[in-house]
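Here's the structure, in structure tokens; my notes come after.
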Amino acid sequence: DFRPDDLAHSRQGCRVPLGADAGALAAAARDVTANYAILDQLEGFRDNEGKLELKLAWPDTNNKPQHWKQRTNPYIERAKTNTVDGYEAINCPHTANKWGGLQFNNGPALLTGSMDPSLWFYA
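In short: position in the sequence shown from 1, add 14, done, that's our numbering.
Laid out in structure tokens, this is it:
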């Protein structure tokens, strides 16, 4: 099973799953920014319960990461419902601003962790 800690640095600030294919690794190596995502590949990382185990981190800050599971794939399920199916906190120290897992936003950000439609914290 994939775990968020099973990540490799392909370059500084760029983390991809250890099991990522050569194409994802090559794309990460070409990336000129410190941000990289393989949102289109999330379905391949479901666990035995059909959930995605996710971790949201803020490098170079003192903010502790959010670590959770959810069944909703925010990249595919693009209806903002203000709920995340199967949300299960593992270690989520930040709960302000209606935190509840990642969902599609279709507003100021692609994804948000705020379950209030007027907020987009954790984007």
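Ideal placement from N, C-alpha and C gives every residue a C-beta, glycine not left out.
Taking a cut-off of 8 angstroms for Cβ pairs, the stretch 101-120 and the stretch 78-86 touch, as three or more such pairs fall below it. Of the residues Asp130, Glu91, Ala71, the one whose Cα lies closest to the Cα of Asp54 is Glu91. Within the stretch 46-119, there are no complete alpha helix (DSSP H) runs of at least 4 residues. Nearest C-alpha to Glu67 among Tyr101, Met129, Pro73: Tyr101. The continuous beta strand (DSSP E) containing Ser128 extends over residues 125-128. The straight-line gap separating the alpha-carbon atoms of Gln117 and Leu56 is approximately 13 angstroms.
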